[in-house]
Each structure stands twice: as C-alpha cells, then as structure tokens.
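**Student:** All the letters of the sequence shown, read from the start, carry residue numbers 879 to 1088 under the numbering used here.
Positions of the beta carbon are idealized from the N, C-alpha and C atoms, including for glycine.
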Amino acid sequence: MTDLNLSIDGIANGQRIPEEFAFGIRTKSEPFTFGANISPAMRWDAGPDGTRSFAIIMHDRSVPTVFDDANQNGKTIPANLARMDFMHWVLVDIPATTTSLAKGAESDSVLPKGKPTGPTEHGVRGANDFGMFMAGNPDMAGDYGGYDGPAPPWNDEIMHEYVFTVYALDVESIGLSGLFSGANALSAMEGHVLASGQVIGEYTLNPDLT
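#1: Quick one: measure Cβ to Cβ for Ala1019 and Met1012, integer angstroms, because I've assumed they're closer than 8 Å.
#2: Rank Trp922, His966, Phe932 and Asn951 by C-alpha distance to the C-alpha of Val941 and give the top, closest one.
#3: For a test of the three-state rule: what should DSSP assign to Leu1064, helix, strand or coil?
#4: Can you round the beta-carbon distance between Val1077 and Ile935 to whole angstroms, since I take them to be within the 8 Å contact cut?
#5: Could you have a look at Glu1080 and say whether DSSP puts it in helix, strand or coil?
#6: Under the three-state reduction of DSSP, which class applies to Gly1053: helix, strand or coil?
#7: Which residues in the same chain have their Cβ closer than 8 Å to the Cβ of Asn1062, if we skip the five residues on either side of it in sequence?
#8: Touch check for the segment 1031-1040 and the segment 984-999: three-plus C-beta pairs under 8 Å?
#9: Can you have a look at Leu1057 and say buried or exposed, based on whether 16 or more other CB atoms are within 10 angstroms of its CB?
#10: Under 8 Å by Cβ, that's how I've got Ala974 and Thr1043 pegged, so tell me the actual separation to the nearest angstrom.
#11: Given 8 Å as the limit, is there contact between the segment 947-955 and the segment 919-933, that is, 3 or more CB pairs closer than that?
#12: Return the first residue and the last residue of the beta strand (DSSP E) that Gly996 is part of.
#13: Tell me which residues share the same chain as Phe964 and place their Cβ nearer than 7 Å to its Cβ, disregarding the 5 neighbours each side in the sequence.
#14: Enumerate in chain order the residues of its own chain whose CB-to-CB distance from Glu898 is below 8 Å, with the five nearest sequence positions on each side excluded.
#15: According to the Cβ coordinates, are Phe932 and Ala1046 closer than 8 Å?
#16: State the start and end residues of the unbroken beta strand (DSSP E) segment that holds Gly952.
#17: With a Cβ-Cβ cutoff of 8 Å, do Leu1083 and Pro918 count as a contact?
#18: By alpha-carbon positions, which one of Thr911, Gly1014, Ser987 and Ile972 ends up nearest to Val1002?
#19: Curious, which full-length alpha helix (DSSP H) runs of at least 4 residues does the segment 1001-1036 contain?
#20: Ignore the nearest five residues each way along the sequence and tell me which others in Gly982's own chain have a CB closer than 7 Å to its CB.
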C-alpha cells in the first residue's frame, strides 16, 4: 500500500484543531457549549493507477472506555484509563474524480438529532458515533451522519488525538447503504485499499492542557 498526500486547511499534523471545526468549545463562563462544527476543507492526491473511489474516516483514538465521571464537577478522567476509538466522520464511495472537499461541505453547524446519512453529491455518508453518545438526550437523540467535530470531556486528563484518513480504493462502491458505521466501512474496505493518507490533530476542553 502506498502513501496518499492529504492536506487539511487550518489543521497541521500534530497541532491543535481550531475551534471553528469543533462540536464543543469552552467559554469563559461554561466548560462546554456548542461550537461552529464546520467541516474543514481537504485536498488529497489522485491516487495510484486503479483508484476507483475514495473514502474518508475521522476518529478520536483517545475516548475513555468508561464515561461515568465525564464532564462531572470535582472529578477527572484519569490519563491511565483505557481508551477506544470514536467515529466522527464516515464518508465512502467518493468518486475517483473528486480529490477535494470544500469547507463546510459535510457540516456547517451542530444539528440537533443529526445530519442525514446516505447519498450526497460527493459520496455516501455513514453514521458517526454521536448517535450513540446522544441517545440519552431527547433533544439531541438521532442518527448522526456527516461530519461532527471534536467534543472531548472537559475533565479528561489527556489531550485527544483526532485522525483524519483518506483511502484510495480499487472499487467504485464498497456496497454499503442504510445506517452503516465506521467499523462497517472499514470492514468493507478490507482488501480494496490501494493507498491512504493521514493528518492527526489534537483538541481538548481541559484548561489545564491548553
């Protein structure tokens, strides 16, 4: 598998993700409020010979496996707690002729109950993991498609790392429809990836880490 050059406007590899791309931000008076949640502009290589589609997966690889103490005053999520992946963006079946996405193409705000999954003009949206995260909130519960940006617990002791990955695939479609997850997409891509590229950004709402 070869490398694919990926660039994201405003997000440098290993650097802080700007607040405009975040689902959650911190203010002087509140540890959490909704951010602008704008999807960033992205550009990537055309891919090697045989590329027939692209896919984008964005995930947070630093999410705590236990949420009991998340966003609780007087408590912290310890740095040594086991971590898991949390999907923020799943977009597949991007035409091989598409090698960029404009700023805001996959999100321009926080949308209660989520953005639609399914076909768009630039690919097919899967479900991100905000549907699971918001399931207990009747004002926000729903199926979340498209991009939803960083919103880590504000009392987490570690900086969260967000991995943007673009895959060049040897098939026009990975054959998924309906409400499919990032894990479903990654499984369907197995054996079809010709190249990939990553940008890793950081984000936190913990003032002790900024």
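**Tutor:** For this structure:
#1: Looking up residue 1019 in the sequence shown gives position 141. Looking up residue 1012 in the sequence shown gives position 134. At roughly 5 Å, the Cβ-Cβ gap stays under 8 Å, so Ala1019 and Met1012 are in contact.
#2: To locate residue 941, count along the sequence shown from 1; it is residue 63. Comparing Cα-Cα distances from Val941 to each of Trp922, His966, Phe932 and Asn951, the minimum goes to His966.
#3: Residue numbering aside, residue 1064 sits at position 186 when the sequence shown is read from its first letter. Correct three-state label for Leu1064: helix.
#4: Here the question's residue 1077 lines up with position 199 in the sequence shown. Here the question's residue 935 lines up with position 57 in the sequence shown. Contact flag wrong, Cβ pair sits at about 12 Å.
#5: For the purposes of this step, residue 1080 is identified with residue 202 of the sequence shown, where counting begins at 1. In this structure, Glu1080 counts as strand in the three-state DSSP scheme.
#6: Stepping through the sequence shown from its first residue, residue 1053 is reached at position 175. In this structure, Gly1053 counts as coil in the three-state DSSP scheme.
#7: Position 184 of the sequence shown, counted from the start, is the residue given in the question as residue 1062. Within the same chain, Asn1062 has close Cβ partners Gly1004 and Leu1054.
#8: no
#9: Along the sequence shown, read from residue 1 onward, the residue named residue 1057 stands at position 179. Burial call: exposed.
#10: Taking the sequence shown and counting its residues from 1, one reaches residue 974 at position 96. Taking the sequence shown and counting its residues from 1, one reaches residue 1043 at position 165. Contact flag wrong, Cβ pair sits at about 17 Å.
#11: no
#12: On the sequence shown, residue 996 is found 118 positions in, with the first residue counted as 1. Element bounds for Gly996: Gly996 to Thr998.
#13: Along the sequence shown, read from residue 1 onward, the residue named residue 964 stands at position 86. Within the same chain, Phe964 has close Cβ partners His937, Asp938, Val941 and Asp1007.
#14: Here the question's residue 898 lines up with position 20 in the sequence shown. Answer for Glu898: Gly888, Gly913, Ala914 and Ile916, listed in chain order.
#15: Translated into the one-based positions of the sequence shown, residue 932 becomes position 54. Translated into the one-based positions of the sequence shown, residue 1046 becomes position 168. Yes; because the gap between Cβ atoms is below 8 Å, this pair is in contact.
#16: By one-based count along the sequence shown, residue 952 stands at place 74. Premise fails: Gly952 is in no beta strand (DSSP E) and is neither H nor E.
#17: By one-based count along the sequence shown, residue 1083 stands at place 205. By one-based count along the sequence shown, residue 918 stands at place 40. Contact flag unset, no.
#18: Walking along the sequence shown from the start, residue 1002 turns up at place 124. Among Thr911, Gly1014, Ser987 and Ile972, the Cα nearest to that of Val1002 is on Ile972.
#19: 1008-1011
#20: Along the sequence shown, one-based indexing puts residue 982 at 104. Closer than 7 Å at the Cβ level, and outside the excluded window around Gly982, lie Ile916 and Ser917.
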